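In what follows, a single structure is set out as structure tokens and then discussed.
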Amino acid sequence: MADPYDLIVIGSGPGGYVCAIRASQLGLKTAIVEKRATFGGTCLNVGCIPSKALLHASELYEEAGHGFGRMGIKASPELDLKRMLAFKDEGVKGNVDGVAFLVKKNKIDAFHGTGRILKAGRVEVTAQGGEKQVIEARAIVIATGSDVARLPGIEIDEQQIVSSTGALSFPTVPERLFVVGAGVIGLELGSVWRRLGSSVTVVEFLDRILPGMDGDVAKTLERIYSKQGLTFRLGTKVVGVQRGEGGLEVALEPSQGGTQDRVDVDAVLVSIGRVPFTDGLGLDDVGVVRDAKGRITVNGQFETNVTGIYAIGDVIAGPMLAHKAEDEGVAVAEILAGQAGHVNHDVIPNVIYTSPEVASVGKTEEELKAAGVGYNVGKFPFLANGRAKVNKTTDGFVKVLADAVTDRILGVHIIGANASELIAEAAVIMEFGGSAEDLARTCHAHPTLSEAVKEAALSVAKRAIHM
Ligand code: FAD
Ligand code: NAI
């Protein structure tokens, strides 16, 4: 057997590969194990990256068809779906190849195969062909991510009944797309196919879209998406899907029970959440504890109940987001190198890449009310922002929630163009414990959408200028 490593990372998603790079930067002899042919995990292969490629391309397609005219640009776009899917695949390849380059550059030993933990410090890697080898290390980080949550009795074939993975590659535009779950995936991929010509219905078990998101934001979004052409059926559950000749028949009923209803559709996207993925890792044999939702339980240092075995990313508690996994990867590498790695889980931005974009960081109004925290609200609509007005991207607003006593910013919620970029300054100011007044007194360039963030902060003290 070769010399032992300081660290073996299992899984090369944003959590795993970032952890391996940081560990290597800190001088740890590091190996990474990945069962896929390419690095990058869910995010780069079948998640963040391909979905954003399709969101970008389909948004421009819609803009060319319906938005260019008002700027005096005549265009009659024609969809070449095959080319659009190739554009997406090129984006994925560029990114996964980039990670392969970084792994090599950082002198991380890569093992392609499925990792199984034999005991603390020992990992067996089984390659696709079945050959096995055992590698050893002082520490093991599990970064095996998550998998699609399934609906009992509804089999995903990735052709007609798809998860997000199939919905990233429909070879033709489904005439009638039925989306189960009004969460992030349903709204992002539902938007993609609506723009490309599908008639999209989104069914949601609860009586609101985007549970967990600020209620005011979710309500506004429901109105905006409905205006764009998404049809919502809230408070409804899917009870079965029958395959018929050429199509699918979906059986629905009210969430609380009641009369059944049937609709004919061409494709169904199941997007009801994701579950931690630990299959084949051998956790039961090693005795690694998981919670009722199957998430690996870790302490403040990301260590499991078994000394020397750590876990990060989607496979542990917290939002299933790439940047959360990345930051945990950095933190655990630093801890293993004897440094004080840490992630502030209170300041993790969350973005939905529809048009308009939606971004938030920190607490929602509902959370502050439930915690009994007094707060002031500053809200500023993009309708009153100069740049949004000229660009005609006036849908949405910025909302700043600040502590009623200290003025410290507790949450920022944005619906609007470029919200994914605008949220970064909110995260920075919150990380530094800044107040609404700090944000309001910071000079923002004109004319920019970011002025709406400043105005919302001014509005906390009821002194917005342009309203
Ligand atoms: P993963 O990325 O899931 O990586 C885990 C890796 O471990 C995989 O490559 C898997 O093959 C490997 N693996 C598993 N078991 C083993 C084993 N036993 N041996 C070897 N290898 C193993 N998040 C965002 O922040 N922004 C977005 O825009 C976004 N968009 C998304 C869009 C979609 C359609 C989906 C599905 C997800 C999206 N996410 C997004 C979520 C994001 O992809 C995840 O939060 C992120 O990938 C989690 O990273 P991870 O490293 O924990 O796990
Ligand atoms: P989700 O948790 O965001 O939404 C699932 C929705 O389905 C919820 O609204 C839930 O109430 C509903 N639901 C659950 N069971 C149902 C049922 N039986 N019938 C009808 N509705 C039901 O999950 P989603 O959209 O699948 O995404 C999974 C995760 O992937 C997200 O939580 C997020 O962490 C990550 N992701 C992040 C993205 C981003 O950051 N932009 C993009 C895509 C995914």
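1 is the number of the first residue of the sequence shown in the working numbering; add one for each residue after it. Even glycine gets a Cβ: it sits at the ideal position worked out from N, Cα and C. As the structure is a prediction and not an experimental result, all values here were calculated from the model.
Of the choices the options, whose alpha-carbon is the least far from that of residue i?
i           : options            : result
residue 64  : 75, 459, 56        : 75
residue 423 : 180, 305, 362      : 362
residue 329 : 311, 438, 320      : 311
residue 392 : 355, 77, 365       : 355
residue 89  : 357, 46, 123       : 46
residue 175 : 450, 270, 197      : 197
residue 408 : 378, 418, 385      : 378
residue 318 : 131, 212, 96, 68   : 212
residue 372 : 381, 115, 405, 455 : 405
Give a single yes or no on whether residue i has its beta carbon closer than 6 Å to a heavy atom of the ligand FAD.
i           : result
residue 366 : no
residue 231 : no
residue 144 : yes
Just curious, the beta strand (DSSP E) that residue i is in, first and last residue?
i           : result
residue 459 : No beta strand (DSSP E) contains residue 459, which is instead part of the alpha helix (DSSP H) from 451-460.
residue 310 : 309-311
residue 10  : 5-10
residue 119 : 114-119
residue 254 : 248-254
residue 27  : Segment: none, residue 27 is in no beta strand (DSSP E) and carries neither H nor E.
residue 358 : 357-362
residue 166 : Per DSSP, residue 166 belongs to no beta strand (DSSP E); it is in the alpha helix (DSSP H), 164-167.
residue 286 : Residue 286 -> not in any beta strand (DSSP E); alpha helix (DSSP H) instead, spanning 283-286.
What separation, rounded to the nearest whole angstrom, lies between the Cα atoms of residue i and residue j?
i           : j           : result
residue 142 : residue 57  : 35 Å
residue 262 : residue 178 : 12 Å
residue 193 : residue 20  : 36 Å
residue 166 : residue 274 : 15 Å
residue 25  : residue 18  : 11 Å
residue 151 : residue 451 : 44 Å
residue 375 : residue 217 : 17 Å
residue 118 : residue 134 : 9 Å
residue 466 : residue 396 : 16 Å
residue 94  : residue 156 : 29 Å
residue 225 : residue 233 : 13 Å
residue 62  : residue 195 : 6 Å
residue 8   : residue 277 : 18 Å
Given 6 Å as the limit, tell me if residue i has its C-beta closer than that to any heavy atom belonging to the ligand NAI.
i           : result
residue 320 : yes
residue 334 : no
residue 271 : yes
residue 211 : yes
residue 52  : no
residue 218 : no
residue 111 : no
residue 357 : no
What is the residue span of the alpha helix (DSSP H) that residue i lies within?
i           : result
residue 199 : From DSSP, residue 199 is part of no alpha helix (DSSP H) but of the beta strand (DSSP E) over 199-203.
residue 468 : Since the displayed the chain opens at 1 and closes at 467, residue 468 lies outside it and no answer follows.
residue 105 : 81-105
residue 257 : Element bounds for residue 257: n/a, residue is neither H nor E.
Do the region 399-407 and the region 441-461 meet, that is, are 3 or more Cβ pairs less than 8 Å apart?
yes
Whether or not the region 318-333 and the region 6-15 are in contact is what I'm after, with contact meaning three or more pairs of Cβ atoms, one per stretch, closer than 8 Å; do they touch?
yes
Flag this pair as touching only if the region 409-429 and the region 363-372 have three or more C-beta atom pairs under 8 Å; answer yes or no.
Taking 8 Å as the limit for Cβ pairs, the verdict is that the region 363-372 does touch the region 409-429.
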